[in-house]
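Have a look at the structure below, then the notes.
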Amino acid sequence: MAKKCDLCGRGATRGASRSHSKIRTLRRQNINLQSVTIEGIKIKACTSCLRTLEKPKRVKAKRKPALKAGEKALKVVKAKKTKTVKAKK
C-alpha cells in the first residue's frame, strides 16, 4: 500500500544525508501518516491534515451562578462517626 495521505495526496520526499566527507546519499523522507476513523471510514491521513480538519463543536457546560454580596457558601457537613460500645454481661 502506498504511503500517501488519503486526504491531500502528499507522499514521501527525497532528501540527502551527508557524510563527513560531504558524500551525498539520497534517502527517503516519509510523511507522518496516522490511521484514523473519520465518520465510520478508516483512512490514512497525515498529521497536518488532521490538525486542519473541522473538529466537532464543543458543548459548554452550564456554570453555577456566582454568590451575591452577603451570601455565604454552603458548608459541607461531614458525617460523624459514632462509637459502638459493647455491653458487658
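Under the working numbering, the sequence shown has 38 at position 36, and the numbering climbs by one with no breaks.
Each residue gets a CB set at the ideal place from its N, CA and C atoms; glycine is no exception.
Using DSSP with H/G/I as helix, E/B as strand and the rest coil, what is residue i?
i   : result
C7  : coil
S19 : strand
T60 : Sequence check: residue 60 is Arg here, not Thr. Of the three classes helix, strand and coil, the one that applies to R60 here is coil, per DSSP.
L55 : coil
Would a C-beta distance cut-off of 8 Å place residue i and residue j closer than the cut-off?
i    : j   : result
Q150 : A14 : With the chain running from 3 to 91 in the structure shown, residue 150 is simply not present.
R12  : I43 : no
Who are the Cβ neighbours of residue i in its own chain at under 8 Å, not counting the five residues just before and after it?
i   : result
L52 : Q36, V38
Of all the options the options, which has the alpha carbon lying nearest to the alpha carbon of residue i?
i   : options       : result
K57 : K66, I25, I40 : I40
Using DSSP's beta-bridge definition, name the partner residues of residue i.
i   : result
K44 : T39
L28 : A18
Give every residue of the same chain whose Cβ lies closer than 7 Å to the Cβ of residue i, excluding the five residues on either side of it in the sequence, and list them in chain order.
i   : result
T49 : N34, Q36
C7  : I33, L35, K46, A47, C48, C51
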